[in-house]
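Notes follow the structure.
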Amino acid sequence: MGRCTTGGSAGMAAATIERGPGDDHGPARASHTRADGAGSLHRVMPTITDKSDSSRVRPMLGTVVRLSPFLLIALSAGADAETPAGQRYDRFVVAAPALAAATWGSLGTLLIGLLAVAVEVVLALIRDGRVGASAASVIAATVTVSLAASYTSGMRVRRERDLALVRSVARTAQQVVLRPLPDRLNEVGLALYYSAAAEQAQIGGDLYEAVRTPFGVRIILGDVQGKGLPAVEMAAALLGSFREAAYDAKDLPALASRLETGLQRYAERASSPDAAERFATAVLLEIPDERPEAYLLNCGHPPPVLLRADGGVQPVEPELPLPPLNLSALVASDYRARTVPFGPGDRVLLYTDGVSETRDRRGEFYPLTERLAGWTATPDTALLDNLRRDLRRYGGGPADDDVAALLATRLPAPTAAAGPGA
13 MGRCTTGGSA
23 GMAAATIERG
33 PGDDHGPARA
43 SHTRADGAGS
53 LHRVMPTITD
63 KSDSSRVRPM
73 LGTVVRLSPF
83 LLIALSAGAD
93 AETPAGQRYD
103 RFVVAAPALA
113 AATWGSLGTL
123 LIGLLAVAVE
133 VVLALIRDGR
143 VGASAASVIA
153 ATVTVSLAAS
163 YTSGMRVRRE
173 RDLALVRSVA
183 RTAQQVVLRP
193 LPDRLNEVGL
203 ALYYSAAAEQ
213 AQIGGDLYEA
223 VRTPFGVRII
233 LGDVQGKGLP
243 AVEMAAALLG
253 SFREAAYDAK
263 DLPALASRLE
273 TGLQRYAERA
283 SSPDAAERFA
293 TAVLLEIPDE
303 RPEAYLLNCG
313 HPPPVLLRAD
323 GGVQPVEPEL
333 PLPPLNLSAL
343 VASDYRARTV
353 PFGPGDRVLL
363 YTDGVSETRD
373 RRGEFYPLTE
383 RLAGWTATPD
393 TALLDNLRRD
403 LRRYGGGPAD
413 DDVAALLATR
423 LPAPTAAAGP
433 GA
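Position in the sequence shown (from 1) plus 12 gives the number in this note's numbering.
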């Protein structure tokens, strides 16, 4: 896939985001760009979704439903014209405007009602040579149903527009909370797989962010306890604290302390009555520019996995178990970061429990490290796509929990261009 960069910078990996279960209208193909502080445009990969059978059936079903008023009119008219006078089928035409109200607008529904009335008049003339009392009663019923259906259809269209506007605002708000990641920051390539479990939601309690700071690239990936709007609200508060503190906290322990303080302040003013009891697991990652190492600080989160350039796979357990954020009032926290070698070609996968706690039909957890060992030569975005499909296959369908996986790669340092005399 092509790159979109300026100033000679090139992207390596990118974000892969899966929609929630309620958003299954086929794979999206739009791509976006994002500018960093240096003016480079970082290309963000298109959204990838599974194209389910229902996504192919729904458009066809919608067409059938939309044409159903005409089919009903045609079948009723044909049956009425071909059967003896004592067997009346024109009464079924009355239902056509009601069917139209489900998919047609107010004017379309009214026109279908007028078509139904015209057909009933023609059938009466063919059958009796005139519009008798019986036919007149059917026509009157059709007119009444048409007017009511047209009004109902207009209300439905207005509500759909209002709902579309609300969803658009919600989608924009969600994108403000979880912004698309660039494909690289400094010499760190980034790739993301994110799936919200809630229907019609693009974000959930899982959160992520990556920023370029004077200390190097700093990344957070976390998981807020619970689901729904309270979890999203706390995730937004945690991300806000990270985006402010990541630029000046001297190290990861200081950054974790700032995040803890930020969540405590959030809990004091939050509208949710259980905000003070809600917590968030998180893993912080710092990749300095000049040193071939990385620093990890784990606050009650599943351990990251290192994928070495030589093919080795190693979970990174914390040296000292730390509690989740927003629990310092209950558990004393002495934040300590772990240093690991991290040279060019090395990768580290951060993920939430939506990955590690996926179970198969026997109740066994997903063997993440084992799977990653077979993908060590797989490019970043393809690796996350493998993970997405494998999780779905292993769990027997869409996940019932939010899922996030972020892959950070130490890219080779750029080589200086050769001079004329080289």
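Just so it is clear, CB atoms sit at the ideal spot from N, CA and C, and this is done for glycine as well.
In the displayed model, Gln276 falls within a helix according to three-state DSSP.
The alpha-carbon of Pro391 is positioned some 45 Å away from that of Pro285.
Rounded to the nearest angstrom, the Cβ distance from Ile151 to Glu132 is 5 Å, consistent with a contact under 8 Å. A contact is defined here as three or more CB-CB pairs under 8 Å, and the stretch 179-195 fails this definition with respect to the stretch 161-168. Shown here for Arg373: same chain residues with a beta carbon closer than 7 Å to its own, the five before and five after excluded, namely Gly408 in chain order.
Collapsing the DSSP output to three states places Phe377 in a strand.
Three or more Cβ pairs drawn from the stretch 327-336 and the stretch 308-316 lie within less than 8 Å of each other, which places the two stretches in contact.
When C-alpha distances from Ala114 are compared across Arg103, Leu396, Val77, Ala93, the shortest belongs to Val77. Taking 3 residues as the minimum length, the beta strand (DSSP E) runs contained wholly in the stretch 178-248 are 200-207, 218-225, 228-236, in order along the chain. A distance below 9 Å separates the beta carbons of Gly366 and Ser207. In the three-state reduction of the DSSP assignment, Tyr363 falls in the strand class, which pools E and B.
Ala425 carries a coil assignment under DSSP once its states are collapsed to helix, strand and coil. Per DSSP, Thr115 lies in no alpha helix (DSSP H) segment and is marked neither H nor E. Counting the other CB atoms within 10 Å of its CB gives Leu275 a total of 16 or more, which places it among the buried residues.
A straight line joining the alpha-carbon of Ala91 with that of Leu84 spans about 11 Å. In the same chain as Val157, and ignoring 5 residues on each side of it, the C-beta atoms closer than 8 Å to its own belong to Val106, Ala107, Pro109, Ala110, Gly125, in chain order. The C-beta separation of Leu79 from Tyr220 comes to about 45 Å, leaving the pair out of contact by the 8 Å criterion.
In the structure shown, Pro265 falls within a helical segment according to DSSP collapsed to helix, strand and coil.
The beta carbon of Gly357 is closer than 6 Å to those of Ala321 in its chain, skipping five residues each way along the sequence. The stretch 277-284 and the stretch 227-237 do not touch, with fewer than three beta-carbon pairs separated by less than 8 Å. Relative to Ala349, the option among Leu423, Val295, Thr364, Pro379 whose CA is nearest is Val295. Rounded to the nearest whole angstrom, the C-alpha separation of Pro265 and Leu197 is 22 Å. Between Ala248 and the set Leu318, Val236, Leu202, Val325, the nearest pair of CA atoms involves Val236. DSSP lists Pro353 as the bridge partner or partners of Glu305. The continuous stretches of beta strand (DSSP E) do not include Thr393, which lies in the alpha helix (DSSP H) extending over residues 392-407. Excluding five sequence positions before and after Asp414, the CB atoms of its chain that fall closer than 6 Å to its own CB belong to Ala208, Ala209, Gly216, Gly217, Asp218, Gly366, given in chain order.
When Cβ pairs closer than 8 Å are counted between the two stretches, the stretch 399-407 is seen to touch the stretch 369-385, the count reaching three or more. Here Leu296 is bridged, per DSSP, to Ile232, Leu309. Counting the other CB atoms within 10 Å of its CB gives Arg170 a total below 16, which places it among the exposed residues. Under the DSSP definition of a beta bridge, Gln326 partners with Leu318.
Of the candidates Thr351, Thr184, Ala176, Thr364, the residue whose Cα lies closest to the Cα of Pro304 is Thr351. The straight-line gap separating the alpha-carbon atoms of Asn398 and Glu256 is approximately 34 Å. Rounded to the nearest whole angstrom, the CA to CA distance from Phe254 to Leu267 is 8 Å. Excluding sequence positions up to five before and after Leu251, its CB lies within less than 7 Å of the CB of Val189, Leu219, Glu221, all in the same chain and listed in chain order.
Shown here for Thr381: same chain residues with a beta carbon closer than 8 Å to its own, the five before and five after excluded, namely Val317, Val325, Pro327 in chain order. Under the three-state reduction of DSSP, Val106 is assigned to helix.
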